[in-house]
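What follows is a short report on a single structure.
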Amino acid sequence: MIEIAIRTTLFTAFLVAVSPVAPAIAAEEAPAPAPTSFVDLTLYPPVVELGFQGDSQEVVAVATRADGMTMDVTSLASCELSSVAGSDHAVRFADRRLQALGDGVAQLTVQFAGLSTHIDIHSKGEQPAPPVSYRHDVMPIFMRTGCNAGGCHGASRGKDGFRLSLFGFDPAGDHLRLTREAPMRRINLAFPEE
């Protein structure tokens with residue numbers, strides 16, 4: 013009986029210690045945090061060059077507090093895109109991303125907590141997009157997803173009949189294996205849409 017009474021007392025003490033009442037009492041005693049004041053607003057990248065039609069660039073707004081700490085305020089800031097020198101509709105801004113539509117110059121103005129800054133955008137949206145490059149467009153995907161790592165197709169014998177060079181050290185060989193070896197399972201150059 014005494015053992016049950018001790019267990020009940022300990023269990024009750026435990027529940028009181030972890031109950032939401034204790035943190036509420038502690039929170040009432042804590043002083044309220046001082047309001048945050050910001051001293052600087054910076055946009056990254058500082059200058060945007062859009063080189064071809066459909067080219068895009070995401071913009072990030074960073075505010076600096078009085079104590080030197082920085083904070084990403086991109087989703088909290090208000091943004092306004094304006095054309096410069098009669099180049100209307102050269103750039104589109106949506107979802108924090110600038111996109112080239114035509115040739116021209118524009119300016120993005122961002123405001124947050126009484127601070128304001130702007131960046132210049134140079135667009136060459138009339139230029140056609142460059143052709144797809146295996147080295148610059150496909151290899152980074154293999155690297156990011158780990159396809160050419162040692163545990164996947166970069167293994168000495170590859171996986172499932174497909175082999176890539178380890179970490180992409182042989183891009184020409186990888187391109188050859190992707191487009192010429194085992195054509196029915198890979199890319200058929202005669203019918204690439206298949």
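For the working numbering, add 12 to where a residue sits in the sequence shown, where the first one is 1.
We put the CB at the ideal spot given by N, CA and C, even for glycine.
Under 8 Å between C-beta atoms of residue i and residue j
| i | j | result |
| --- | --- | --- |
| H101 | L113 | yes |
| I133 | V122 | no |
| V85 | T54 | no |
| R109 | S135 | no |
| Q119 | S94 | yes |
| L188 | N160 | no |
Nearest-angstrom Cβ-Cβ length linking residue i and residue j, presumed shorter than 8 Å
| i | j | result |
| --- | --- | --- |
| L88 | F50 | Not really, about 11 Å apart at Cβ, beyond 8 Å. |
| L127 | D186 | Going by Cβ atoms, the distance from L127 to D186 rounds to 48 Å, so no, they are not a contact pair. |
Candidates the options: closest to residue i by CA position
| i | options | result |
| --- | --- | --- |
| E70 | R156, C91, P57, V103 | P57 |
| G162 | S145, D84, H148, G180 | G180 |
| D79 | M155, S177, R104, T48 | T48 |
| P140 | D52, G63, V59 | G63 |
| P183 | T157, R104, D149 | D149 |
| L190 | L176, A202, F203 | L176 |
| P143 | Q65, V59, E61, D52 | Q65 |
| V96 | D115, M83, M81, T82 | D115 |
| V103 | E61, G158, F203, F154 | E61 |
| E193 | A202, V59, F174 | F174 |
| A106 | M81, V72, T82, A167 | V72 |
Heavy atom of the ligand FMN within 7 Å of residue i beta-carbon
| i | result |
| --- | --- |
| C91 | You won't find the ligand FMN in this model; it holds no ligand whatsoever. |
Query raised in the report: At what residue ranges does the region 98 to 185 contain a whole run of the beta strand (DSSP E), taking only runs of 3 or more?
Result: 103 to 106, 109 to 112, 115 to 124, 127 to 136
Query - beta strand (DSSP E) segments (min. 3 residues) lying fully within the region 59 to 93 - result: 59 to 62, 68 to 70, 72 to 77, 82 to 84
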